[in-house]
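Asks: Residue numbers (my numbering): 2 to 166. The beta carbon of each residue, even a glycine, is placed where N, CA and C say it ideally should be. There's a structure below that I have some questions on.
Written as structure tokens, this is what we have:
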């Protein structure tokens, strides 16, 4: 059984400007610097004619982890995320995957960015799957909660990035 992740954000900017704030190289580097955690890095950035693909690494120090995670995992966590975006109709659709060092499982999501008049909406819909007998479900819930908090922080960053430009 997997734990669901659902997150929706609305921004007061047009689609092109919001896409640049969500998936542009400069915005990604600034976002990682500000909220990426330990050893955060943009590992790969590949623009395409109709979208982009990138890979991020983010670190979470062990002292910031919930106790349920610290019980099962010693030391800091390293999260590698891959995101791809493609133009689709009046917006963009994408997929995201993430792997957490030392945790057998994965995080997967579908993403969309759509224009709604002068506003743009970002939607993340995914799941966390951890393959550890007996405690996997509990760990999935903790990870899903942490991912949702990260998505909220990233949305706050995007809103601030848009307001400053």
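Does residue 106 come out as helix, strand or coil in the three-state DSSP assignment?
Replies: In the chain shown, residue 106 corresponds to position 105, counting from 1. The answer is strand: DSSP assigns residue 106 an E or B state.
Asks: Pop quiz: residue 129 and residue 13 are said to be a contact at Cβ under 8 Å. What is the actual Cβ separation, rounded to whole angstroms?
Replies: In the chain shown, residue 129 corresponds to position 128, counting from 1. In the chain shown, residue 13 corresponds to position 12, counting from 1. Going by Cβ atoms, the distance from residue 129 to residue 13 rounds to 30 Å, so no, they are not a contact pair.
Asks: Should residue 159 be labelled buried (16 or more other beta-carbon atoms within 10 Å of its own) or exposed?
Replies: Locating residue 159 in the chain shown gives position 158, where the first residue counts as 1. Burial call: buried.
Asks: According to the neighbour-count rule (16 or more other Cβ atoms, all chains shown, within 10 Å of its Cβ), is residue 27 buried or exposed?
Replies: Indexing the chain shown from 1 puts residue 27 at position 26. When all chains shown are included, residue 27 counts as exposed.
Asks: Do you know offhand how far residue 37's Cα is from residue 77's?
Replies: In the chain shown, counting from the first residue as 1, residue 37 sits at position 36. In the chain shown, counting from the first residue as 1, residue 77 sits at position 76. Approximately 14 Å between the Cα atoms of the pair.
Asks: Starting from residue 144, trace the alpha helix (DSSP H) both ways and give me its first and last residue.
Replies: Here the question's residue 144 lines up with position 143 in the chain shown. That run of the alpha helix (DSSP H) goes 137-164.
Asks: Based on the DSSP secondary-structure assignment, which residues constitute the bridge partners of residue 133?
Replies: Residue numbering aside, residue 133 sits at position 132 when the chain shown is read from its first letter. Beta-bridge pairing links residue 133 to no other residue.
Asks: Comparing alpha-carbon positions, which option in 82, 8, 49, 10 lies nearest residue 29?
Replies: By one-based count along the chain shown, residue 29 stands at place 28. For the residues 82, 8, 49, 10, the minimum Cα distance to residue 29 belongs to 82.
Asks: Let me make sure I understand the geometry here. Which of 107, 24, 138 has the alpha-carbon closest to that of residue 49?
Replies: Residue numbering aside, residue 49 sits at position 48 when the chain shown is read from its first letter. It is 24 whose Cα lies nearest to the Cα of residue 49.
Asks: Between 84, 100, 88, which has its C-alpha nearest residue 111's C-alpha?
Replies: As a first step, residue 111 must be located in the chain shown, where it is residue number 110. The shortest C-alpha separation from residue 111 is found at 84.
Asks: State the start and end residues of the unbroken beta strand (DSSP E) segment that holds residue 14.
Replies: Mapped onto the chain shown, residue 14 falls at position 13. First-last for residue 14: undefined, no H or E at that position.
Asks: Tell me, which residues are paired with residue 52 by DSSP?
Replies: Numbered from 1 along the chain shown, position 51 holds the residue referred to as residue 52. DSSP output for residue 52 lists 49, 87 as bridge partner(s).
Asks: From the DSSP secondary-structure annotation, give me the bridge partner or partners of residue 4.
Replies: On the chain shown, residue 4 is found 3 positions in, with the first residue counted as 1. In the DSSP output, where bridge partners are listed per residue, residue 4 has 129.
Asks: Mind checking who residue 26 pairs with in its DSSP beta bridge?
Replies: As a first step, residue 26 must be located in the chain shown, where it is residue number 25. Partner(s): none; residue 26 has no beta bridge.
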